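In our numbering, the protein residues as written are -17 to 250. C-beta atoms are modelled at their ideal positions from N, C-alpha and C, and glycine is treated no differently. All values reported here derive from a predicted model rather than from experimental measurement. Working notes for the structure below.
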Ligand code: SAH
């Protein structure tokens, strides 16, 4: 069996004895039924993989279930830390691929994020666009936390090490300004998905192989009402190529997943 993966608490990833997030400690004790000597990978979501050995576990019968799981578990490092460089770095797992689009409605976003992280999403920016629904313009903290938890589960599932960076909500012009000169650097590529664009996805993907390895890729998608004319012009002026994914109109989830999946499928 592959060594199971769990998330360490942020503050324990550096110096303190490693502690797991509550839900991960709970899983390790009560589902995996860890015993003294069980080894696991501790992740910090930022490239570190630490081999950890269980030195004390009280998860079975007789365990005091009123005590939090983490307090019934002690872990010690069982080897040197491994570090996987970030998306976009030389020797990293692949190009930095960031999606920017309005967050889909309600629970649709959870399943979508789960699949995007499995595909290797590096960054997500929640865009506020002219045709965005008003209710979707400022997701609550609870909504972001839920997406963060979904991302953690998908990261473990896909045996990856870097959690995506979430940003926004941002207006299109502010997002573009934040990218600044990165857009013009070698290995940078940017596309906006538009059913009316002349350039097919396949032709744009071929560009990614030209002029050295693709390092940073940005893909923007619109709300149900699509991008406005002015937004399309702004994207074009910023160096984004309009790209179509065929003649069918796709839901935003389908369009973005297809675009990210195609980029990763080609080995970027
Ligand atoms: N009513 C809009 C479509 C909105 S679909 C229109 O006719 O333009 C939501 C978003 O998904 C779009 O803004 C676009 O970014 C993406 N999308 C959906 N289908 C697509 C296709 N066939 N090609 C490219 N992008 C597509």
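Check: Residue 21 versus residue 62: straight-line alpha-carbon distance, rounded; Outcome: 14 Å
Check: Proximity of residue 173 and residue 198 at Cβ, strictly below 8 Å; Outcome: no
Check: Any non-hydrogen atom of the ligand SAH within 7 Å of residue 209 CB; Outcome: yes
Check: DSSP-derived helix/strand/coil call for residue 93; Outcome: helix
Check: Backbone secondary structure at residue 243 - three-state DSSP; Outcome: helix
Check: Cα-Cα separation, residue 194 to residue 111; Outcome: 33 Å
Check: Near the ligand SAH: residue 218 beta-carbon under 7 Å from a heavy atom; Outcome: no
Check: From 18, 154, 27, 234, residue whose alpha carbon lies closest to that of residue 39; Outcome: 18
Check: Distance CB(residue 203)-CB(residue 237) smaller than 8 Å; Outcome: yes
Check: Selected residue, minimal CA-CA separation from residue 51, among 29, 10, 65; Outcome: 10
Check: Residue 97 beta carbon near the ligand SAH (any heavy atom closer than 7 Å); Outcome: no
Check: Delimiting residues of the alpha helix (DSSP H) encompassing residue 256; Outcome: There is simply no residue 256 to check, as the chain begins at -17 and stops at 250 in what is shown.
Check: Bounding residues of the alpha helix (DSSP H) (the contiguous stretch that carries residue 211); Outcome: 211 to 219
Check: Whole-angstrom C-beta distance between residue -11 and residue 134, which should lie under 8 Å; Outcome: 6 Å
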